[in-house]
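Here is the structure we will look at, set down as structure tokens.
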């Protein structure tokens, strides 16, 4: 409970690789608690390889109502940036002239 309270107070919470593996029911409930405590009070940045449209099915495995509650708080009033193109992590060939 103390850790959840700490997460609620962080100025900017970054959720990187969101839903890379779907949360179990307990993890989803904890996520809802953190998101609910932060909702419209603190900023949360979510980075995911899944499109937003695929989030609900990934979360709903445990409980669709819980998935609705989490996404309502995350997506409502959110600014979305959908990136396209190849990965920037791919190494570029080294320039032999450099």
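In this note's numbering, the protein residues as written are 985 to 1082. Each residue gets a CB set at the ideal place from its N, CA and C atoms; glycine is no exception.
Check, Outcome
"Three-way DSSP call (helix, strand, coil) for residue 1059 in this model", "helix"
"Nearest residue (CA-CA) to residue 1064, options 1018, 1032, 1019, 1024", "1032"
"Under 8 Å between C-beta atoms of residue 1039 and residue 1055", "yes"
"Beta carbon of residue 1025 nearer than 8 Å to that of residue 1059", "no"
"Continuous alpha helix (DSSP H) stretch holding residue 1018: start and end", "1009-1022"
"Local conformation of residue 1036 per DSSP, three classes", "helix"
"Contacting residues, own chain, Cβ-Cβ under 8 Å from residue 1061 (five flanking each side not counted)", "1024"
"Cβ neighbours of residue 1001 in the same chain (closer than 8 Å, five flanking residues each side left out)", "1031, 1032, 1033"
"Whole-angstrom C-beta distance between residue 988 and residue 938, which should lie under 8 Å", "Any question about residue 938 goes unanswered here, given that the chain covers just 985 to 1082."
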